[in-house]
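Residue numbers (this note's numbering): 5 to 714.
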């Protein structure tokens with residue numbers, strides 16, 4: 005009997021924790037903490053509840069084990085890999101010849117860099133830039149906002165810099181629950197004496213650690229950030245030397261924030277004026293500061309501007325280009341950063357090279373050996389509308405679940421029913437799979453290997469620990485086989501004749517400047533990983549960005565002057581409450597993985613709608629009662645939790661179980677992210693019988709799929 009320990013990267017959030025999977029003759033028997041790997045994200049090997057339960061979803065009984073073909077509604081028949089690949093390739097070739105933009109490709113931040121690179125390569129070689137991934141639903145605002153101010157859409161520092169900061173401003177981010185291991189760096193900083201400022205509509209577990217807590221209304225972030233900047237400029241607390249040497253646009257910024265006095269901002273946000281002043285002074289005078297955020301400021305119709313202002317606040321205080329400083333957007337899934345880096349976006353090739361740039365496009369045309377489109381493609385939300393209009397007719401979804409993850413679920417369902425052809429590549433049945441014509445069974449991350457990039461730009465190699473079930477195959481292999489079957493059988497970068505993920509990464513090294521020196525050989529020797537940019541194989545990687553200049557055209561930080569914009573939808577007589585969505589520490593994304601973990605489901609069995617006691621009293625609601633939450637888009641039954649954690653007038657609902665039937669798919673005009681963090685709603689107490697009837701209309705997050713014999 006052979007015992008083995010295999011180093012893997014946790015498949016959950018963007019912290020990128022390391023652990024070992026313990027196997028006996030190839031069967032997983034447990035995990036061990038990676039305490040022996042220096043400088044990794046989870047120092048001393050600590051893991052959150054999800055990481056500790058990693059083996060449970062891998063052993064789920066309903067894992068997909070063979071390719072499937074839809075036979076009739078709700079029923080699938082098993083087919084061979086040869087049949088599946090042939091049918092997918094033939095259909096894709098037909099659309100490519102007829103109208104390439106009739107196809108949409110959905111990549112995944114829940115799989116490695118290599119298959120993400122391949123799916124965008126396949127889409128583009130077929131003639132379309134219609135390729136996107138879940139960053140559109142979580143951090144596209146971060147990418148566009150940071151690029152506008154600093155020239156690149158990534159975390160400027162590392163977790164170590166959070167620990168070394170003297171002040172940490174956490175806005176729209178329940179850090180302690182969404183990234184528990186990463187939050188340890190905040191705790192270490194606080195133990196050193198650092199001040200913690202938290203801005204959030206909910207008094208969260210993170211807020212317990214705050215020295216200053218700012219409880220603003222959802223959607224009022226621009227006003228709050230402008231108010232802080234107003235105080236800093238008015239009192240002369242900004243870094244005048246840094247602003248003069250390394251920033252542009254300060255005069256316009258000073259002019260626009262002039263009216264955002266603490267008193268004016270209090271009227272909009274509900275945050276007391278004196279707290280705004282205290283927070284501004286504390287942040288600006290600390291000497292070293294970090295701003296961290298997540299979906300609380302990105303998932304808005306003004307998410308792009310929220311991020312621009314957060315970056316601007318950091319820049320005017322001189323908190324860029326040195327240790328203990330920076331902006332730290334925290335990615336939700338473990339490879340959101342990598343999927344963005346590798347071009348799984350409709351407007352850029354790998355390395356954020358614009359598809360509209362003739363020189364960049366010429367490089368990739370020569371590199372891949374095909375003509376490429378210079379038209380910016382569709383985002384996932386735009387694709388749903390294009391499907392409804394008949395413009396998009398085929399959809400390839402790899403490792404994602406838009407039925408539950410996209411805003412305005414009922415519209416998504418309506419669109420998917422109109423598709424001519426749909427491919428779903430996943431590890432387990434999902435509500436999205438129910439619309440598929442072909443289902444391709446994928447290996448989970450610990451069942452194959454590859455590289456991935458965490459939220460601090462750390463690229464790591466994760467090794468194969470166990471075999472996938474049945475005939476499930478790695479994502480890179482599946483895309484490679486389809487690429488060859490389509491007709492791209494050339495050698496090297498001009499085809500899809502890959503024999504390993506290492507080959508794919510070497511191709512990434514050749515066409516992605518930030519990854520040039522991050523070879524598979526280096527990653528396998530250095531389990532702690534390498535921070536991009538890494539321009540050559542002898543380069544150690546980059547901890548802190550922008551030490552000398554920013555990546556903008558003039559090398560300066562372009563400060564954002566932004567007037568206040570509220571949410572697309574505000575409360576009124578018909579819908580008097582503000583709805584916002586949240587996450588639970590024990591669950592992840594659309595429950596595809598954590599929903600199959602007995603220990604996690606036992607501890608976090610159901611969603612609860614948080615409602616303020618005064619609102620609950622008026623509605624006759626107590627904790628445990630069933631309520632119906634209704635918006636202009638849908639109805640959602642859920643039990644109530646009466647708590648002062650939420651601001652009066654605000655209803656907070658965890659979204660994992662399908663609450664996007666309620667959310668607004670109005671888009672930010674720049675980042676094209678939907679406004680899932682705020683919309684108008686009404687709340688009505690209902691009986692358990694009424695709740696049972698309403699539940700039938702909500703898509704099941706873990707569907708029962710019938711497979712019949714061929």
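Glycine residues also receive a C-beta, built at the ideal position from the N, C-alpha and C atoms. Everything numeric in this text was worked out from a predicted model, so none of it was measured.
- When the beta-carbon positions are compared, residue 136 and residue 350 come within less than 8 Å of each other.
- As for any alpha helix (DSSP H) of minimum length 4 sitting wholly inside the region 353–427, the runs are 362–372, 384–392, 406–409, 413–420, ordered along the chain.
- Residue pairing by DSSP places residue 630 opposite 643, 690 in a beta bridge.
- Spanning the alpha carbons of residue 694 and residue 113 requires a straight line of approximately 37 Å.
- Annotated as distal: residue 480 and residue 129, with beta-carbon spacing of 8 Å or more.
- Between residue 286 and residue 171, the gap from beta carbon to beta carbon is short of 8 Å.
- Per DSSP, residue 569 has no beta-bridge partner at all.
- If the five residues before and after residue 64 are omitted, its C-beta is found closer than 8 Å to the C-beta atoms of 432, 600, all from its own chain and listed in chain order.
- Under DSSP, residue 62 takes part in no beta bridge, so it has no partner.
- If the five residues before and after residue 306 are omitted, its C-beta is found closer than 7 Å to the C-beta atoms of 226, 569, 672, all from its own chain and listed in chain order.
- For residue 478, the CB contacts under 6 Å within the same chain, skipping 5 residues up- and downstream, are 447, 452 in chain order.
- For the pair of segments examined, the region 365–379 was found not to touch the region 152–168: the number of CB pairs separated by less than 8 Å stays below three.
- Between residue 637 and residue 414, the C-beta gap is smaller than 8 Å, which places the two residues in contact.
- In this structure the region 80–93 touches the region 697–713; the number of beta carbon pairs closer than 8 Å is three or more.
- Beta-bridge pairing by DSSP links residue 539 to no other residue.
- Of the residues assessed, residue 654 falls on the buried side of the cut-off, its CB having 16 or more other CB atoms within 10 angstroms.
- Residue 274 is not a Cβ neighbour of residue 177, given a cutoff of 8 Å.
- With at least 16 other beta carbons inside 10 angstroms of its own, residue 430 counts as buried.
- When the Cα atoms are used, residue 134 and residue 438 turn out to be separated by approximately 22 Å.
- When rounded, the separation of the alpha-carbon atoms in residue 20 and residue 688 is 41 Å.
- Take the alpha-carbon of residue 266 and the one of residue 222: they are about 18 Å apart.
- Membership of residue 236 in the alpha helix (DSSP H) is indicated by the continuous run 225–238.
- Excluding its 5 nearest sequence neighbours in each direction, residue 252 has C-beta neighbours in its own chain below 8 Å: 558, 560, 561, 562, 563, listed in chain order.
- Closest by C-alpha distance to residue 486, out of 16, 34, 96, is 96.
- Less than 8 Å separates the beta-carbon of residue 237 from that of residue 261.
- When the beta-carbon positions are compared, residue 681 and residue 584 come within less than 8 Å of each other.
- Within the same chain, Cβ atoms closer than 6 Å to the Cβ of residue 538 are found at 521, 522, 545, the five residues on either side in sequence being excluded.
- For the options 633, 615, 635, the alpha carbon positioned closest to that of residue 627 is the one of 615.
- Just so you know, the alpha carbons of residue 292 and residue 623 end up roughly 47 Å apart.
- Within a 10 Å sphere around the beta-carbon of residue 212 sit fewer than 16 other beta-carbons, which makes this residue exposed.
- For residue 341, the enclosing alpha helix (DSSP H) begins and ends at 340–345.
- Put simply, of 30, 48, 590, 73 the residue whose alpha carbon is nearest the alpha carbon of residue 36 is 48.
- With contacts defined as CB atoms closer than 8 Å, residue 11 and residue 492 fail to qualify as a contacting pair.
- 8 Å or more divides the Cβ of residue 586 from the Cβ of residue 140.
- Among the bridge pairs identified by DSSP, residue 22 is matched with 13.
- By the beta-carbon neighbour count (other beta carbons within 10 angstroms, threshold 16), residue 675 is buried.
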